[in-house]
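Peer 1: Before anything else, here's the structure in question.
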Amino acid sequence: EYDAKGSISKSDFLASKIFATEAPSYNAEDYIKGKIREIEFEMCELNVREFSKVRSRLNYVFKGVFLKANFDDKIKGAIYILPEEFQQYLTRSIKYFTREGAEPIELNSEDFEKAFMVYATRNASIYRLLSPEIQELLVNYRKKANKEIYISFINHHIYIAITEPKDMLEPYIFQTNVNFDLVKEFYEDIQLLFSIVEDFDIHY
-9 EYDAKGSISK SDFLASKIFA TEAPSYNAED YIKGKIREIE FEMCELNVRE
41 FSKVRSRLNY VFKGVFLKAN FDDKIKGAIY ILPEEFQQYL TRSIKYFTRE
91 GAEPIELNSE DFEKAFMVYA TRNASIYRLL SPEIQELLVN YRKKANKEIY
141 ISFINHHIYI AITEPKDMLE PYIFQTNVNF DLVKEFYEDI QLLFSIVEDF
191 DIHY
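Counting from -9, one number per residue, gives the positions in the sequence shown under the working numbering.
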């Protein structure tokens, strides 16, 4: 189902704990909900900003597509998968994770560790969720899309955020004078989100 003016709630965005912010500027639109296999999901386009402490302006927190899905009620604890390249911008998030009991996790894939950093609580199913197959898939998704991917598992929810510099889910893609390249990019980016959720479900 699609609702141009609908959105994921700010409280659900904050519940992902990916971005350490109060999100004073939270703009959301282009809401989609449905099922991936048997997993219920909702997603929307987000533009989240916060006030700068040193300059009189709003700073970028996240712009892109955000998905929340109800995964498996057997999954416990918390796992955070973040872009290694953005580590300097995620120091507040990392401090929050560690205060909540999460610890940095080292995996055996050099390619994965170059692309992502992982934090998890001790009771999390880290090696089951991040199997070698999943690690390889995430690395390949990032290379193919050329976009940053953030993922968190909080109890039985999975949250995925994918950066997107332009408005991806705008209604113009459905107009009669549609541009094939826009439709193709729309499809590929939505499919990327669905594929990540589906692959976790298959390999878990």
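Beta carbons are placed, not taken as given, at the ideal position from N, Cα and C, and that holds for glycine.
Remember, predicted model here, so these are calculated numbers, not experimental data.
Can you tell me whether R82 is buried or exposed, with buried defined as 16 or more other CB within 10 angstroms of its CB?
Peer 2: Looking at its Cβ environment, which holds fewer than 16 other Cβ atoms inside 10 Å, R82 is exposed.
Peer 1: Quick one: does the C-beta of K58 sit closer than 6 Å to a heavy atom of the ligand HEM?
Peer 2: This structure lacks the ligand HEM; in fact it carries no ligand of any kind.
Peer 1: Candidates Y70, N60, E126, A18: which alpha carbon is nearest A10's?
Peer 2: Of the candidates Y70, N60, E126, A18, the one whose C-alpha sits nearest the C-alpha of A10 is Y70.
Peer 1: What residue from F61, F41, N17, R45 has the CA that sits closest to E188's CA?
Peer 2: Taking only the C-alpha atoms, the option nearest E188 is F61.
Peer 1: So, helix, strand or coil for I163, using DSSP?
Peer 2: In this prediction, I163 scores a pLDDT of 43, lower than 50, which makes its location untrustworthy; no coordinate-derived value is stated.
Peer 1: DSSP on H147, reduced to helix/strand/coil?
Peer 2: Here H147 sits in strand by DSSP.
Peer 1: Buried or exposed, going by whether 16 or more other CB atoms sit within 10 Å of the CB of A(-6)?
Peer 2: A(-6) is exposed by the Cβ-count criterion.
Peer 1: What separation, rounded to the nearest whole angstrom, lies between the Cα atoms of L183 and Q77?
Peer 2: Taking the straight line joining both Cα atoms gives about 22 Å.
Peer 1: Figure out for me which residue from S99, I152, K66, C34 has the closest Cα to the Cα of G24.
Peer 2: The option with the nearest alpha carbon to G24 is C34.
Peer 1: Whole angstroms is fine: what's the gap from D63's alpha carbon to N136's?
Peer 2: C-alpha separation (whole angstroms): 32 Å.
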